[in-house]
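As they're listed, the protein sequences go chains P and R.
Position one of the first sequence corresponds to residue -18 (my numbering), numbered consecutively onward.
Position one of the second sequence corresponds to residue 3 (my numbering), numbered consecutively onward.
Heads up, the beta-carbon is just placed ideally off N, CA and C, and yes, glycines get one too.
Let me begin by presenting the structure, written as structure tokens, before commenting on it.
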Amino acid sequence: GAVVSQHPSWVICKSGTSVKIECRSLDFQATTMFWYRQFPKQSLMLMATSNEGSKATYEQGVEKDKFLINHASLTLSTLTVTSAHPEDSSFYICSARWANIQYFGAGTRLSVL
Amino acid sequence: AQRVTQPEKLLSVFKGAPVELKCNYSYSGSPELFWYVQYSRQRLQLLLRHISRESIKGFTADLNKGETSFHLKKPFAQEEDSAMYYCALNGGGADGLTFGKGTHLIIQP
């Protein structure tokens, strides 16, 4: 149980376009999901907390207009990287919280050309 | 501000030897501490949480509030323990996790 699916696993896009990443809890409902970013050879950094039915809470230094988060149902949160630029290239990982434990997706590697 | 420090980027030990992965934290309240493991080409998965006080795959970790540490230990390492290990802190409520930089554990045959 407690499986989190993240899609796509890898995406390449042109600079200036937008990319949407989906995070789904497959066998449980999650009122809270989280989005992390991981730079090469570095740790995971929390970007934002996604709350079902309300606005996301962003960490300091994360542009909310750049990284749009929608959590419209108890099993789905989406992260949209708007007007992507090469510096947005990174590994994005979501997690969903259940019974006070965070379960992680497999991550999405974004490459912006 | 909360912080998690894992001083070793890489730790290499021989099979059968004891293993200790260090984790220190700074947090003003009472945090919840976790160890997550990432095997090659797999996602992060929970290994231990301090409140459960259990042993998983032979690993244990004790929260020492005086030393603000949550070191991960295993008395006899196995080759399948080779992985990336992350110590993480939850400040409480619905907060996200603060991760250390991770320790790459290599178990040599």
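Residue pairing by DSSP places residue 21 of chain R opposite R/76 in a beta bridge. The same chain holds no residue with a CB closer than 7 angstroms to that of residue 35 of chain P once the five nearest residues on each side in sequence are set aside. From the beta-carbon of residue 88 of chain R, the residues of chain P found nearer than 8 angstroms are 24, 25.
A direct Cα-to-Cα measurement between residue 27 of chain R and residue -13 of chain P gives close to 30 angstroms. The beta carbon of residue 30 of chain P sits closer than 8 angstroms to some beta carbon of chain R. With its beta carbon less than 8 angstroms from one in chain R, residue 88 of chain P belongs to the interface.
Shown here for residue 109 of chain R: same chain residues with a beta carbon closer than 7 angstroms to its own, the five before and five after excluded, namely 15, 17, 79, 80, 81, 83, 84 in chain order. When only Cα atoms are considered, residue 63 of chain R and residue 2 of chain P end up about 35 angstroms apart. Rounded to the nearest whole angstrom, the C-alpha separation of residue -1 of chain P and residue 60 of chain P is 10 angstroms.
Taking 8 angstroms as the upper bound for CB-CB distance, residue 89 of chain R and residue 61 of chain R are not in contact here, some 12 angstroms apart. Looking at the backbone, the Cα of residue 65 of chain R and that of residue 74 of chain P are separated by about 27 angstroms. For residue 106 of chain R, the uninterrupted beta strand (DSSP E) run begins and ends at 105 to 110, by DSSP. Interface criterion met: the Cβ of residue 104 of chain R is under 8 angstroms from a Cβ in chain P.
Residues are counted here when their Cβ sits less than 9 angstroms from a Cβ of chain P; for the stretch 45 to 65 of chain R these are 45, 46, 47, 48, 51, 53, given in chain order.
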